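Input: a single structure, listed below in structure tokens.
Okay, structure coming up:
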């Protein structure tokens, strides 16, 4: 079976990242992030985000998100997130482990995105010892349905969060895809819109395994280095993660990778939407395409060598994900295959 | 400052591992360990250990040890270990986090190794609800003082553990160094001597970041896959870790790397011991050399560009660690430098 | 301010319980539940539930519920419950603490009760490492809206739970109130309908502080005694809790207490419902009455010495709770007061 | 079997406490500590300790100690305590649970008491992410061997703690016994000697179940109310705990109770020590007597109806505990029994 389109994490790493990794593999270097590559990364990301940031690294999104939340929520905290958010559905309880038991408060809203108004209506209990304390609002950009928060929405959500003394976390597993789609700057999409901590994903967009927890307000770091260490994400040879991200955010690598993925998704989305029997589940705004596929079509494709599954979202939809190196020919093949079925 | 000899984690990865990583970076592959490289690794490690094993990967020793313990100890469990063991002193509480609060019971014994007799004398409380329940004995091979458990010692410890319904964990951060020094097989040093789970380190001996939690009795895996996932160590692009370890345990790469490191340590140890003012803190049995250095000698070396610190062990000693690629010339330079001081 | 009707936990203990407590305060007794009163309690509860049960005690519902869940859910478990359930809204994260991070999956259903069909539709992910594992269904009887699960509903829910290898927990903080209202036996309402563990509340219905975690299938106890101890609920002088519950379930004390509370609630409910401006938020089926009160009426009552607050349920409603010793005159006074307002 | 002398927790409650409990059982009262009895208790304890204190209640020493530690240690914290301390040996991991994984660092010192000099020698690692962070020093007064810290010792230990930015916790399960033995004031034995938080035990000295976590520096309370709630120790009918402690610390009840227990211990200790075959394991300084008893004497006593066990301390010793209501005749009977054996 061919996991093509199954996810952007089935891809290899891009040449720029791989070259940087190979380059970093030379000589001795101080361990645990006290190396040159890690130092450069902090500087680079401060430039990219146009503000002094503090950076900690992880090798999975599971860990980077859970760690970010552990920095922002006390053990008795409450974290508002969308019901479909990855932290709520796909981490086997990692946020609960890393935070020591904070509670996720899942929200239902259209298109997989938290609505500011709805958030405003449910935040409560501050100071009441019987209730987990409102601590964090976590949004995913681009989100789990492949759609995007507009800056205006982020600002509204952040305002509600901050008005209620909560922090704002952005799960940026597909941060770059959102960036190019909205055509905004990293600063605009984060701290200028009220985001406090972003977990920047590299793995899905060209890295081998590299995620960054970025504190946009360094004073919020607090005791995080200890939480980071005891979580098992402080690599001794940290240069091998830092170097990946150095290459990733240099020379527009991440932007180019994301742009390609998004444009491939657009072609795929339009191609699929063209079939009368296929309906888009969500608008295609980044590199994920969700469609409602009839059961027999799913079977037909799987019999043709694909590995396609329905996911449980608002309803059951099939997800196709494009990546930094998606080949246009693979999209054409898929569409041809469907055309044969529907002809 | 030059972290030469500071640890074996300041080194780069060896060519065989790097080549394997580059080779793995091609095409698409199923995520989360459902890839060819991971499948091969399981087969290879079963061959290496001469028994069917189950394998889970991690990128730090912190995580692999804490995860292994979480598989073996309940939240109310007690883990017997040496006071100087890495899990007790250097993980900022990771074992407590991953196990959900199990208690480490540190033991003082000579040369950093648990003594079987001492262990037998302190195991108690089984079935008594007031007492954390004896669950695991964890030993490090080679251990934190650079000395080795003889197979006979491991067997005795394992017997006591099993007689008390406890499991035996081996922290194998420097497993290969022990293997070549004892000149025994992986099977002999582990399950044939009673070890149930070994955490095999690759990072310090030639990998970039690769550690394996190896269940030598597959039936002990239980719910481990869920613990593994929620700990943030289930990489999406797992092939990049599996491929490292594939190369590492193939063609005697790990053995050759460890043999070199050990032989360099021997030369360094003998060279240091030759000075009348320098005393070995522990016998040099693997790739770590511990010596008592007068304060002025430490200062002298640091002023000469080294980065040397005393560590708190039984007393304060200075640790020199050799690695798979230690250059004999660097040892000679160090000894020359000392000779100048002492001449 | 007068907390009359604020909750059933503002009441004193009933004479039978108090007498038993005083009687137990005599002579020496073995500690930690190894006493005569605790032994008798186990026998009594086995009789009451018409099956051999295992019993552990706690002094708060917070603890007894969280403990019960910790016996049934692994750290990576998922617990299905109603969104309004006490374990989800009022324990400041105790279930997460005691279970080591299991996740509550809140469900919205009418009248504060889980619907079997809805449950069937959302249970998924068993065996998928990315997903917290379906482990427990927790229902509250009588539930947080004062309504009741019919036996038929409990059986349906239990069947779905067991078909999916989950356990069934019943939060019985107001167990007796449900019992008398449904006019069924403890056995019928629990294990005969598929409930595995019930947390039986005594505190709200005549005890000082006494809650029991009752394993209706003793083989499910497993390691619970250790979880119980380390939670801080294993009292040294346990006889003082056991004796309360001994009196509570003897001579129909709990039944009579609950019957009185329920009948008072019925009178209050009908009285309130009689006013055209007051609407019942839920049917009154046990000892809690929920009404939608206009804001000015709330203010009017509070200015008259009551202490009334709106609670966030499906909408905002005011809760009146009656208890084992509610005085009919107090109800009449309240209704008179309202009549003056509305006349 | 007769648990006489087995512990001070086998006793009943004293009349003053029981009367107060009965008195509190009247009328309605606000729940969760917002009642008159709890308010009075705070005032009373502020007077008793001669400083404004904050007070939270619990029903077990397990919980009160673990809660106190959770207020003082972060999840990555280290807590220095004696190896024989109750928090280290008898709580089945409660401190680890409540603190979210903080590590206890057990120390061996003579007579079960931490030595200031030894403490000074082992505190290290502050700021080092690899190491659990020094956070708390916990001492027990009177301690688990029945001996006492002199004020001078407490002051020295506190100074070292504070110099290292750690807090000082006193486990006062037998606080009153220490108080009368040292003939000092509560203020002198706590905050005037540097103690920050004391867990005051009532249960062993005349209460049914009542323990207080007393913050001697109210500004250290921080988020404790939430930790308290989610631990399951915030009783709804809190007046039933507060009233016990109100009586306990009023009219010298606790002092008189402790004085009696101590004087009985002194008589028992001298009586036992009189036998040439019986040796005191520790000096008798409060209400616990530890003796080395030959095995045949233990068997002889148990055959005579006692229930005597050796405990594992530095060596194996038998503990006899006296209480507020120990009958001199019971001591005489025991000594007579031994005299018969030895005559």
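Residue numbers (my numbering), protein chains in the order written: chain A, 1352 to 1694; chain B, 1352 to 1694; chain C, 1352 to 1694; chain D, 1352 to 1694. Where a beta carbon is used, it is the ideal one built from N, C-alpha and C, also for glycine. Treat the numbers as computed from the prediction; the structure is a model and nothing was measured.
Put simply, of A/1680, A/1475, A/1449 the residue whose alpha carbon is nearest the alpha carbon of residue 1456 of chain A is A/1475. A Cβ-Cβ contact shorter than 8 Å links residue 1410 of chain C with residue 1560 of chain C.
For residue 1581 of chain D, the nearest CB of chain A lies under 8 Å from its own CB, placing it at the interface with that chain. Under DSSP, residue 1354 of chain A forms no beta bridge with any residue. Contact annotation for residue 1378 of chain A against chain B: 1363 [CB-CB distance below 7 Å, chain order]. For residue 1354 of chain A, the neighbours in chain B by C-beta distance under 7 Å run, in chain order, 1379, 1381. Around the beta carbon of residue 1570 of chain A, fewer than 16 other beta carbons sit within 10 angstroms, so the residue counts as exposed. Beta-bridge partners of residue 1429 of chain C (DSSP): C/1454, C/1485.
With fewer than 16 other CB atoms across the displayed protein chains lying within 10 angstroms of its CB, residue 1378 of chain C is exposed. Residue environment analysis places residue 1437 of chain D among the buried positions, since at least 16 neighbouring C-beta atoms fall within 10 angstroms of its C-beta. Residue 1522 of chain B sits buried, since 16 or more C-beta atoms from the chains shown fall within 10 Å of its C-beta. Judged by DSSP in its simplified three-state form, residue 1625 of chain D adopts coil rather than helix or strand. Among the residues of the region 1563-1588 of chain B, those with a Cβ less than 8 Å away from any Cβ of chain A are 1577, 1580, 1581, 1582, 1583, 1584, 1585, 1586, 1587, 1588, in the order of the chain. Between the C-alpha atoms of residue 1425 of chain C and residue 1376 of chain D there is a straight-line separation of about 40 Å.
For a Cβ distance threshold of 9 Å, nothing in chain B lies close to residue 1523 of chain A: the least Cβ distance comes to about 15 Å. By the criterion of at least three beta-carbon pairs nearer than 8 Å, the region 1382-1401 of chain D is not in contact with the region 1450-1466 of chain D. Under a 10 Å Cβ-count criterion, residue 1611 of chain D is classified as buried, with 16 or more other Cβ atoms of the shown protein chains found around its own Cβ. The C-beta of residue 1369 of chain A comes closer than 8 Å to at least one C-beta of chain B. Contact of residue 1451 of chain D with chain A is assigned, a C-beta pair being separated by under 8 Å. The beta-bridge partner set that DSSP reports for residue 1522 of chain C consists of C/1491, C/1550.
As DSSP reads the structure, residue 1631 of chain C sits in a beta bridge with C/1642. Nearest CB-CB separation between residue 1466 of chain A and chain D: not below the 8 Å threshold.
The beta carbon of residue 1591 of chain A lies closer than 8 Å to those of 1372, 1375, 1376 in the same chain, with the five residues before and after it left out. The shortest CA-to-CA distance from residue 1414 of chain A to any of A/1534, A/1669, A/1579 is the one to A/1579. Residue 1693 of chain D: member of the alpha helix (DSSP H) spanning 1679-1693, first to last residue. Within 9 Å of the CB of residue 1558 of chain C, no CB atom of chain A is found; the nearest one sits about 20 Å away.
Minimum Cα-Cα distance from residue 1545 of chain A among the listed residues A/1387, A/1512, A/1686 corresponds to A/1512. Look at the beta carbons and you see the region 1492-1500 of chain D touching the region 1528-1542 of chain D: at least three pairs across the two are nearer than 8 Å. Identification of chain C residues near residue 1591 of chain D by a Cβ-Cβ cut-off of 7 Å yields 1559, 1560, ordered along the chain.
DSSP places residue 1391 of chain D in the helix class (H, G or I) of the three-state scheme. Secondary structure at residue 1383 of chain C: coil, using DSSP grouped into helix, strand and coil. With a contact defined as Cβ atoms closer than 8 Å, residue 1557 of chain C and residue 1605 of chain C qualify at about 7 Å. Between the C-alpha atoms of residue 1517 of chain A and residue 1486 of chain A there is a straight-line separation of about 4 Å. Looking at the backbone, the Cα of residue 1427 of chain D and that of residue 1541 of chain A are separated by about 30 Å. Note that the C-beta distance between residue 1668 of chain B and residue 1641 of chain B is below 8 Å.
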